[in-house]
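Report on the structure given below.
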Amino acid sequence: KNEVEQSPQNLTAQEGEFITINCSYSVGISALHWLQQHPGGGIVSLFMLSSGKKKHGRLIATINIQEKHSSLHITASHPRDSAVYICAAPSSGSARQLTFGSGTQLTVLP
Amino acid sequence: SAVISQKPSRDICQRGTSLTIQCQVDSQVTMMFWYRQQPGQSLTLIATANQGSEATYESGFVIDKFPISRPNLTFSTLTVSNMSPEDSSIYLCSVAQGAYGYTFGSGTRLTVV
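Sequence order for the protein chains is A and B.
Quick note: the first sequence, position 67, residue 67 per the working numbering, numbers continuous.
Quick note: the second sequence, position 67, residue 67 per the working numbering, numbers continuous.
If you want it as structure tokens, here you go:
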């Protein structure tokens, strides 16, 4: 089973700061997911990536397949970015089940 | 991508009662999953809902406690039975799409008193 570790657990930043959240996994994967969870519990998929880098607005996700590591960056952070960010990887080689990281609670202060 | 309507969004229930959570998808999907997220914890897979057959449960979860229905490829329900305060969690459904993609429901925040 894939082990997914995420850091930091909690992150407080001032508005405008550059944010980095890290994720590492133990088993080679086809794609890694970055998710955003809102206070009500609902989850939105931010990125699915299998190599290189993806960018959407102020969010950037990178992955290094050889090192089994991914990062989520937020540029020019804003209070509305405050949420829990979760990385997730396939649990095993062929299953469509995901193993989730423990999440990073991000708070951006105005 | 698929859109999931999950209901209810939240509920407060008395111990010993049961709650049924519904997920309706706007397109046919083969694989649907139910997750639990206990306070301060990561998401844990409860079961995979299979259309036309019994759900496949993960270790630590049993059908008597979490019965699941999947009558067609667009709908599923999860029931939390004989609830206790330890069942207070967020419950989420998810569907697999395409080669590697997923869509998640909006979550049900359950409090058992």
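Glycine included, each C-beta is placed from N, C-alpha and C at the ideal position.
Treat the numbers as computed from the prediction; the structure is a model and nothing was measured.
*Inter-stretch contact at 8 Å, needing at least 3 Cβ pairs: the segment 11-20 of chain B / the segment 72-91 of chain B*: Flag = yes, the segment 11-20 of chain B and the segment 72-91 of chain B touch.
*List the residues of chain A that I90 (chain B) touches, going by C-beta distances under 7 Å, in chain order.*
Those within 7 Å of I90 (chain B) in chain A are G41.
*Residue-level contact to chain A via CB, Y57 (chain B), 8 Å cutoff*: Chain A contact via Cβ: absent.
*List, in order along the chain, the chain A residues whose C-beta lies closer than 7 Å to that of A96 (chain B)?*
Neighbourhood of A96 (chain B) in chain A, by CB distance below 7 Å: R96, in chain order.
*asked:* Cβ closer than 9 Å: which chain B residues qualify as neighbours of A31 (chain A)?
replied: Within 9 Å Cβ-Cβ: A99, Y100 and G101.
*asked:* Within 8 Å of any Cβ in chain A, is that where the Cβ of F33 (chain B) sits?
replied: Yes - at least one Cβ of chain A is within 8 Å of the one on F33 (chain B).
*Is there at least one Cβ from chain A nearer than 8 Å to F104 (chain B)'s Cβ?*
It does; some Cβ of chain A falls within 8 Å.
*Which bits of chain B does F100 (chain A) rub up against, with CB to CB less than 7 Å?*
Residues of chain B with a Cβ closer than 7 Å to the Cβ of F100 (chain A) are, in chain order, S42 and L43.
*Could you give the uninterrupted runs of the beta strand (DSSP E) lying entirely in the segment 26-60 of chain A, keeping only those of 3 residues or more?*
DSSP runs (the beta strand (DSSP E)) wholly in the segment 26-60 of chain A: 32-37, 43-49 and 52-56.
*Within its chain, find whatever has a CB closer than 6 Å to the CB of W34 (chain B); leave out the 5 residues flanking it on each side and keep chain order.*
Contacts found: I46, A47, L78 and C93.
_Residue range of the beta strand (DSSP E) that includes S89 (chain B)_ = In this chain, the beta strand (DSSP E) harbouring S89 (chain B) covers S89 to Q97.
_Can you confirm whether S9 (chain B), when its beta carbon is compared against all beta carbons of chain A, has any partner nearer than 8 Å?_
It does; some Cβ of chain A falls within 8 Å.
_Please identify the residue among B:M31, B:V62 and B:D11 whose C-alpha is closest to the C-alpha of G40 (chain A)._
Check the Cα spacing between G40 (chain A) and each of B:M31, B:V62 and B:D11: the tightest is with B:D11.
_Please classify F66 (chain B) as buried or exposed, where buried requires at least 16 neighbouring CB atoms within 10 angstroms._
By the 10 Å Cβ count, F66 (chain B) comes out buried.
*Excluding sequence positions up to five away, which residues of its chain have a Cβ less than 8 Å from the Cβ of Y102 (chain B)?*
Counting only Cβ-Cβ distances below 8 Å, and skipping sequence neighbours, we find S94, V95 and A96.
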